[in-house]
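Asks: In this note's numbering, the protein residues as written are 13 to 260.
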Ligand SMILES: Cc1cc2nc3c(=O)[nH]c(=O)nc-3n(C[C@H](O)[C@H](O)[C@H](O)COP(=O)(O)O)c2cc1C
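#1: Taking three-plus beta-carbon pairs below 8 angstroms as touching, is the region 179-199 in contact with the region 120-130?
#2: Does the contact criterion of 3 or more C-beta pairs under 8 angstroms hold for the region 127-140 versus the region 80-96?
#3: According to DSSP, residue 186 sits in a beta bridge with which residue or residues?
#4: With which residues is residue 54 paired in a DSSP beta bridge?
#5: What residue range does the beta strand (DSSP E) around residue 281 cover?
#6: Would you identify the three-state DSSP class for residue 275, choosing helix, strand or coil?
#7: Since residue 112 sits in a beta bridge, which residues does DSSP pair it with?
#8: Taking the beta carbon of residue 142 as the centre, do at least 16 other beta carbons fall within 10 Å, making it buried, or is it exposed?
#9: So who's on the other strand from residue 140, going by DSSP bridges?
#10: What residue ranges within the region 26-98 form continuous beta strand (DSSP E) runs of no fewer than 3 residues, ordered along the chain?
#11: Please go through the same chain and pick out, in chain order, the residues whose beta-carbon is closer than 8 angstroms to the beta-carbon of residue 15, but skip the five residues on each side of it.
#12: Kindly indicate which residue of 200, 93, 245, 152 has the alpha-carbon position closest to the one of residue 50.
#13: Under the criterion of a Cβ to heavy atom distance below 7 angstroms, does residue 100 qualify as lining ligand 1?
#14: Inspect the CB distances between the region 197-212 and the region 247-255 and report whether three or more fall short of 8 angstroms.
#15: On the three-state DSSP scale, how would you describe residue 228?
#16: Give the DSSP bridge partners of residue 259, in chain order.
#17: Give the residues whose C-beta lies closer than 5 angstroms to at least one heavy atom of ligand 1, in chain order.
#18: Under the three-state reduction of DSSP, which class applies to residue 169: helix, strand or coil?
Structural data, given as C-alpha cells:
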C-alpha cells in the first residue's frame, strides 16, 4: 500500500534524511525581507515606541481568548493595527544574519510575510497591503475598489465562503517565502514554516484581547485561489494561515 503523503513528509524530513542545506554548501543568504516594490505607496505606521496601548493581564488575555467570527462594524484604529503587527511580527533587532522579532522563529529565519486585507481601519484605505517588518510600514499592493469584484469578496470566496473574512476589520495573512527558511533547513524547513505561523497567530490573538478585538484563525482555504488573490506563485511563495480580526 502506498504510504500516505503526510507520513512520507514526516519520514523524509527527519534529520537523518537531510543532506547539507544551501547555507552549509556556502550559497549566499537570501534577503532577510523582500523590499517594497520600487515606487510603491508606503504607509508609515505608529511606531512601536508610541503605541500607548493600555496593559492587559496576561492571565485575562489567555482566559478570554476564543475564536471570534461575529465582528462589530466599529473600525479598528490605525494605532491598534500597528499594535497587532508589532505583537505578532515586530522587529526588535536586525543583524546582518537575521532579524529578531516579538515571536520566535526557527533559526530566526522569519520566513513568513504578513499580508493584510484592510476592510475597516480608520486612516488606512481599504485594500491589500504587505507589512514591511523591519521598517514597521505597510506597502500598498492594491486598493479595494469595492463592488461585485471587491477584494474582501474574493478573499472570502478563496476561504471557502467563510463570510466573516469579509466582515472583519482586517485579515492578517501569513505567506511563506520558502527559500528564506529552506536555505538553512532544506525540506525540513517546511515543518518550521508551519510552526512559526502558529506562534505568530497566537501572539496576534492575545494582542487582540488588549484592544477589545477578537480573532479567528483560518486555515481552510483554496490554496490556488488564495495565492492568486495575493499575487503569489503558490510554490516559492505561498499562503499558510490567516486570522480575521475585528471588534468584539
Ligand atoms: C490551525 C487552525 C485552523 C483553523 N481554521 C479555521 C477556519 O478555517 N475557520 C474557522 O472558522 N475556524 C478555524 N479555526 C478555529 C478553530 O475552529 C477554533 O480554534 C476551535 O474551534 C476552538 O475554539 P476556540 O478558538 O474558541 O478555543 C482554526 C484553528 C486553528 C488552530
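We put the beta carbon where it would ideally sit given N, CA and C, even for glycine. Keep in mind it's a predicted model, so treat the numbers as computed, not measured.
Replies: This is what the structure holds:
#1: yes
#2: yes
#3: 126, 253
#4: 151
#5: Because the chain in this structure spans residues 13 to 260, residue 281 falls outside the shown range and cannot be described.
#6: Only positions 13 to 260 of the chain appear in the structure, and residue 275 is not among them; the question remains open.
#7: 105
#8: buried
#9: 129, 154
#10: 54-56
#11: 23
#12: 152
#13: no
#14: yes
#15: strand
#16: 225
#17: 78, 79, 229, 230, 231, 232
#18: helix
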